[in-house]
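In this note's numbering, the protein residues as written are 30 to 281.
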Ligand SMILES: NC(=O)c1ccc[n+]([C@@H]2O[C@H](COP(=O)([O-])OP(=O)(O)OC[C@H]3O[C@@H](n4cnc5c(N)ncnc54)[C@H](OP(=O)(O)O)[C@@H]3O)[C@@H](O)[C@H]2O)c1
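If you want it as structure tokens, here you go:
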């Protein structure tokens, strides 16, 4: 199927977790390239944000609530219909990494079961439900999906808890499954796995890890957004089922 876009050639992105951190940097990057960006997060749109049409393109939803997410998918589909029903990219970026009292790392013994369920709902099931719910529009545009995983998905991390780490490992596996299932429909599915990126999700003490990162520094949100953009662009037209490390070599 040939790639489709609106008559004015403008592309559309659906992005979760756009209100700060990596997601915020992604809004900047895609907007600067002329994309329409539909944003999803729990907070209402911040009027201090300068994006034109930002408020009109924001969907306030708690991804941890499966019923609300179903309503949000219907809302997004209606908004995409205004532009002909094309979706060029879905970026599943929102994620949570809960801590125990005092900021302690929750491990596989002491993480409460409701926390496991909440983490998997936001970090794993929401990406799946969004991808399935928006399949028709992604198919129409021959679009791309990027799932944001983590270095914690492949090794025990000093701060990220067990529920977070296993949800990201599951999301990486899901990326592989989706690449096989969505690929024949012309939809590419990839992941990016950030290391230590300067955002509010980082724990105090992360600076101590810098000595073990080959590039000897934390990553910047813009560097992650640039990789996400690449995977959604035509420059990556034969990249499918990849998980790209964005971690300064921390994985080696
Ligand atoms: N920063 C790092 O070093 C790092 C490393 C590895 C992986 N990652 C991954 O990269 C992604 C972005 O991380 P970040 O550091 O930019 O995170 P962040 O600064 O904590 O931002 C998280 C975003 O997710 C949204 N969000 C959280 N829970 C939500 C929910 N239930 N429903 C809807 N939106 C929700 C937040 O918006 P609201 O609060 O408005 O809902 C916010 O926009 C995450 O998946 C994270 O696991 C980050």
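Built from N, CA and C at the ideal position, the CB exists for glycine as well.
9 Å Cβ cutoff met for residue i and residue j
{"i": "residue 47", "j": "residue 257", "result": "no"}
{"i": "residue 222", "j": "residue 165", "result": "no"}
{"i": "residue 176", "j": "residue 219", "result": "yes"}
{"i": "residue 156", "j": "residue 203", "result": "yes"}
{"i": "residue 217", "j": "residue 264", "result": "no"}
{"i": "residue 179", "j": "residue 124", "result": "yes"}
{"i": "residue 174", "j": "residue 121", "result": "yes"}
{"i": "residue 201", "j": "residue 114", "result": "no"}
{"i": "residue 167", "j": "residue 102", "result": "no"}
{"i": "residue 215", "j": "residue 171", "result": "yes"}
{"i": "residue 92", "j": "residue 151", "result": "yes"}
{"i": "residue 195", "j": "residue 49", "result": "no"}
{"i": "residue 60", "j": "residue 80", "result": "yes"}
{"i": "residue 117", "j": "residue 40", "result": "yes"}
{"i": "residue 119", "j": "residue 158", "result": "no"}
{"i": "residue 126", "j": "residue 193", "result": "yes"}
{"i": "residue 253", "j": "residue 226", "result": "yes"}
{"i": "residue 95", "j": "residue 153", "result": "no"}
Collapsed DSSP secondary structure at residue i in the structure displayed
{"i": "residue 229", "result": "coil"}
{"i": "residue 276", "result": "coil"}
{"i": "residue 217", "result": "strand"}
{"i": "residue 248", "result": "strand"}
{"i": "residue 70", "result": "strand"}
{"i": "residue 184", "result": "coil"}
{"i": "residue 189", "result": "coil"}
{"i": "residue 87", "result": "strand"}
{"i": "residue 123", "result": "coil"}
{"i": "residue 65", "result": "strand"}
{"i": "residue 152", "result": "helix"}
{"i": "residue 281", "result": "coil"}
{"i": "residue 271", "result": "coil"}
{"i": "residue 118", "result": "strand"}
{"i": "residue 109", "result": "helix"}
{"i": "residue 168", "result": "helix"}
{"i": "residue 140", "result": "coil"}
{"i": "residue 242", "result": "coil"}
{"i": "residue 265", "result": "helix"}
Other residues of its chain near residue i: CB distance less than 7 Å, five sequence neighbours each side excluded
{"i": "residue 86", "result": "65, 66, 67, 68"}
{"i": "residue 269", "result": "208, 212, 217, 218, 219"}
{"i": "residue 281", "result": "243"}
{"i": "residue 83", "result": "74"}
{"i": "residue 239", "result": "245, 246, 247"}
beta-carbon residue i near ligand 3 non-hydrogen atom, thresh 8 Å
{"i": "residue 87", "result": "Only ligand 1 can be found as ligands here, which leaves ligand 3 out of the picture."}
Same chain only: Cβ atoms within 8 Å of residue i, ignoring 5 sequence neighbours per side
{"i": "residue 278", "result": "242, 243, 244"}
{"i": "residue 251", "result": "54, 57, 58"}
{"i": "residue 255", "result": "58"}
{"i": "residue 100", "result": "90"}
Neighbourhood of residue i by C-beta, 6 Å cutoff - its chain only, sequence neighbours within 5 removed
{"i": "residue 45", "result": "69, 121, 122, 123"}
{"i": "residue 89", "result": "73"}
{"i": "residue 274", "result": "222, 280"}
{"i": "residue 260", "result": "175, 219"}
{"i": "residue 149", "result": "196"}
{"i": "residue 42", "result": "59, 64, 66, 118"}
Chain B contact for residue i (CB, 9 Å cutoff)
{"i": "residue 273", "result": "Given the protein chain composition of this structure (a single chain), no chain B is represented."}
Touching by the beta-carbon criterion (3+ pairs, under 8 Å), the stretch 247 to 266 and the stretch 181 to 192 | no
Do the stretch 127 to 138 and the stretch 99 to 119 meet, that is, are 3 or more Cβ pairs less than 8 Å apart?
-> no
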